[in-house]
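Some notes on the structure that comes next.
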Amino acid sequence: ALVVAAAAQVAVPVPLSPVPMTLQPLAVLAVGGLLGAPAGAAALVLYLAMGVLGLPVFAGGAAGVARLLGPTGGYLLAFPVAAAVCGALVGRVPAVGRALLATAVGMVLIHVGGVAQLALLGGDPALAFQVGFVPFLTGDLLKIGLAAAVILVAGGRLRGLR
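Here my numbering = 1-based position in the sequence shown + 3.
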């Protein structure tokens, strides 16, 4: 939970989007892939609980339940699911192909949650996709690769702990 909270503090505003670019997805995928499905999901539920209870763990030091109900809420609520799926797909012994597939699927799940909530709030699915997915594509491809690399490098060292 603390790794994701730290990653949330690196937040860059995105022009024409209510969603900032952060390192959270990278951290979510790495945590899920390293801890496995149950522990990864639990870590992200703990992260959300910390934010809802008022700790400044969301992007830019924000906190409160309003973050889960606003433009970034769909992404946040998808984090435990993405971590669990990423952890399940990586398996106990990470391999390059599995790590890349797991992080890519996890990233897609984060965006499905985020774009869905933006569409619900704004009433325009096409606009939600345009402001909630397109500006993040290049950065997210890099985050997928970096998360897979972290899982592969650190996963070998942590294998006995899972």
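C-beta atoms are modelled at their ideal positions from N, C-alpha and C, and glycine is treated no differently.
None of these values were measured; they are calculated from a predicted model.
Check, Outcome
"Identify whether T141 lies in helix, strand or coil by the three-state DSSP scheme.", "helix"
"Which of helix, strand or coil does DSSP assign to F136?", "coil"
"Which value, in whole angstroms, describes the spacing of the CA atoms of A10 and G126?", "30 Å"
"Alpha carbon to alpha carbon, how far is V153 from R165? Give it in angstroms, no decimals.", "Residue placement at R165 is poorly supported in this model, since its pLDDT is 47, which falls under 50; the coordinates are not used for a value here."
"Indicate whether A81 and G116 have their beta-carbon atoms separated by less than 8 Å.", "yes"
"What residue does the alpha helix (DSSP H) around T106 start on, and which one ends it?", "99-125"
"Is the beta carbon of A102 closer than 8 Å to that of A151?", "yes"
"I'd like the ranges of any alpha helix (DSSP H) spanning at least 4 consecutive residues and lying wholly in the segment 14-64.", "27-38, 40-55"
"Please confirm whether L47 and A157 have their CB atoms less than 8 Å apart.", "no"
"Suppose contacts are defined by Cβ-Cβ distances below 8 Å. Is G54 in contact with A66 by that definition?", "yes"
"Could you give the residue range of the alpha helix (DSSP H) that holds G73?", "Premise fails: G73 is in no alpha helix (DSSP H) and is neither H nor E."
"Any beta-carbon of chain B closer than 8 Å to the one on A157?", "In the structure shown, chain B does not exist; there is a single protein chain."
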